[in-house]
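Residue numbers (my numbering), protein chains in the order written: chain A, 344 to 654; chain B, -7 to 413.
Where a beta carbon is used, it is the ideal one built from N, C-alpha and C, also for glycine.
These figures come from a predicted structure and were not determined experimentally.
Below you'll find the structure, written out as structure tokens, and then a few comments.
The following block contains the structure:
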């Protein structure tokens, strides 16, 4: 196991200790932090390892939220709903991936973006099943108190994050990860030397979908009310990419740090600039990317100084 | 953030040559510190003699114009209440303070903002988020914390179908808008047979369109068209030409003000004419009449309140006339139902708190549930589900660039005119 993987696990353990320090609101932020990290790490599998700029994160997040939401309304237990959401997303993404991933570069980006729109419209128009634009109610759990519930969803999301991290580490250290790196560097050449690129890419796409979908399922149970424009929000596709860029493309530790940093920035800016927070956040992100083009992971004092002088 | 960078710099001095692990640890520690700081940062303890009300609003994003209206209503109430010395609780006067947060027209953010206000800003009571969808989502949080919440702009019964105890709303159910409208048109314009409905696929607009469908069928109209358009649709020409080919006598469109102005303009482009065109919920706003100009003429609509109403209230504003006067003095414009409902929510909280004689959330909640008073907005009484059930919402029509009330009889200002060109 590499040092960066150990550091990532330590970081996760630190996150798990959050309930010792904060109340319900800190737990809400912690839950969102875990959710963002799941999205960013999942995106990293297809975007960072294989170099395919996927905008489909929101599609699978919404898919998971609605799958779990509908099943929860049918009275299934939460864990089962989340498992079903994850497995169906894995299969659907792998099958779709086999078709979509034949496109490259910008073409793939646009195709994956349209996946969000297609799923959103499907949910919007299946009014009988999903409530359409009126949204979907998810029954409140037992009245276990504010803190207990916040704790429950925080750890549910944290466990998903842990599984995502383990999946990403396993992929990075395996033949699959090597294959994906080859695809990123030169897909034609990898195919020439006998790598089944379609299979590898499909698996990567499936893996990048299944944990996002599971996170969507937990999210739906957590907020109790979802509607299509919220869970199929295109920002859920864009944010993971920004986080991965901020943290350091391809490095799981960097991506996870990027997700936490992004949430921290978003929260601080949102609190302090009631009217112009979006502008301030954008500016900070641009500055960060300008000074740290390789993300947080490239943060070394010497480098930093050189870069400042360079700019 | 400054703290974060400082600590980064400080730590770097000490560990220039440490291993990679140290470097990563150094990276993670300040991030963590920042996260904990954000979460644990407690707001200033609320001052002794202030009552804090939380108001999450969509200050940025597509719903921003609605947020301004709500804010005007809340601010007007807070100003009036403070001018009178504040809210008296058990003989002591408390000043009103309203805490705003922007949820960016994004429902999950509204939920987050609500929790932030309750757990961090220590607000005593909450106003609901804008519109039915966000109000419903955010109400799950205030319900968990048992904070009484007054939703100023949530009308769909689906918002109140969750059995919540702490959520109250000042808009009557959607069918109270569509039923009188349908009956007026049935009585006054018997030649209207075919109805076409076009609805924005969103909680309130779709719910009211479904109510309209029910009212139309119940009154023997022939529903020839019922479609939804997606949120953010800019080109309605295909749907409109389809409607035109069906030649309905009554076109019923739902959405928010920007959607409705756009659709109206594209109807004019296609030279669509019909005896009756109804739009909900834009025409009640002065902006609709101004932007629509001639094309707004004879459009019918219904809303929950109208400045032409004449109620003698027992709330801080007293009569409807007085409310309109105060509003005009402060904002130099005519109030509409959004602003009035927001101000009403404040006034209702004030009455409930004064009656309870305490800031105890449960006591105030019980007083809200028991309220049965006349206000400048009309009589207020909440049903068992928390939604108001005592109002007769007015039906009106734009005539000569002015909204003219057609119903209820008590405040009627004119008769229905047929023909929208």
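- In the DSSP assignment, residue 225 of chain B falls outside any beta strand (DSSP E) and carries neither an H nor an E.
- For residue 46 of chain B, the enclosing beta strand (DSSP E) has its first and last residue at 42 to 49.
- Residues of the region 39 to 59 of chain B with a C-beta atom less than 8 Å from some C-beta of chain A are 51 and 52, listed in chain order.
- Taking a contact to require three or more Cβ pairs closer than 8 Å, the region 546 to 557 of chain A and the region 382 to 401 of chain A qualify as touching.
- Relative to residue 280 of chain B, the option among B:248, B:335 and B:301 whose CA is nearest is B:248.
- Judged by DSSP in its simplified three-state form, residue 289 of chain B adopts coil rather than helix or strand.
- When 8 Å is used as the limit between beta carbons, residue 367 of chain A is near these residues of chain B: 107 and 111, in chain order.
- Residue 633 of chain A is classed as exposed because its beta carbon has fewer than 16 other beta carbons within 10 Å across all chains shown.
- For the set A:363, A:354 and A:404, the Cα lying nearest the Cα of residue 562 of chain A is the one of A:404.
- Nearest CB-CB separation between residue 572 of chain A and chain B: below the 8 Å threshold.
- Listed along chain A is no residue with a C-beta nearer than 9 Å to that of residue 371 of chain B; the closest approach is about 29 Å.
- The shortest CA-to-CA distance from residue 543 of chain A to any of A:607, A:594 and A:522 is the one to A:522.
- Going by beta carbons, residue 162 of chain B and residue 94 of chain B fall outside the 8 Å limit.
- Only residues of its own chain outside the window of five on either side were considered, and among them 640 have a CB closer than 6 Å to the CB of residue 594 of chain A, listed in chain order.
- At a C-beta separation below 8 Å, residue 132 of chain B has these neighbours in chain A: 483, 566, 567 and 568.
- Proximity of chain B to residue 478 of chain A at the Cβ level (cut-off 7 Å) is accounted for by 125 and 195, in chain order.
- For residue 555 of chain A, the secondary structure class from DSSP, reduced to helix, strand or coil, is helix.
- Residue burial annotation: residue 415 of chain A is buried, with at least 16 other C-beta atoms found within 10 angstroms of its C-beta.
- Where residue 343 of chain B is concerned, the enclosing alpha helix (DSSP H) starts and stops at 329 to 348.
- Rounded to whole angstroms, residue 246 of chain B and residue 192 of chain B show a C-alpha spacing of 6 Å.
- The DSSP-derived three-state label of residue 371 of chain A is helix.
- DSSP, reduced to helix, strand and coil, places residue 216 of chain B within a strand of the structure shown.
- For residue 198 of chain B, the chain A residues whose Cβ falls inside 7 Å of its Cβ are 475, 476 and 477, in order along the chain.
- Note that the C-beta distance between residue 454 of chain A and residue 446 of chain A is below 8 Å.
- Annotated three-state conformation of residue 190 of chain B is strand, per DSSP.
- Burial of residue 609 of chain A is indicated by the presence of at least 16 other C-beta atoms within 10 angstroms of its C-beta.
- Listed along chain A, the residues sitting closer than 7 Å to residue 103 of chain B by beta-carbon distance are 566.
- Cβ proximity to chain A below 8 Å picks out 220, 222 and 223 from the region 218 to 244 of chain B.
- Per DSSP, reduced to three states, the secondary structure at residue 80 of chain B is strand.
- Nearest to residue 458 of chain A by C-alpha distance, out of A:513, A:440 and A:482, is A:440.
- Distance from the CA atom of residue 201 of chain B to the CA atom of residue 534 of chain A, rounded to whole angstroms, is 55 Å.
- Close to residue 514 of chain A, with beta-carbon spacing below 9 Å, lies no residue of chain B; the smallest spacing is near 20 Å.
- Beta-bridge partners of residue 364 of chain B (DSSP): B:373.
- Around the beta carbon of residue 397 of chain B, a 10 Å sphere encloses 16 or more other beta carbons of the protein chains shown; the residue is thus reported as buried.
- Measuring C-alpha to C-alpha distances from residue 574 of chain A to each of B:99, B:111 and B:329 identifies B:99 as the nearest.
- For residue 297 of chain B, the secondary structure class from DSSP, reduced to helix, strand or coil, is coil.
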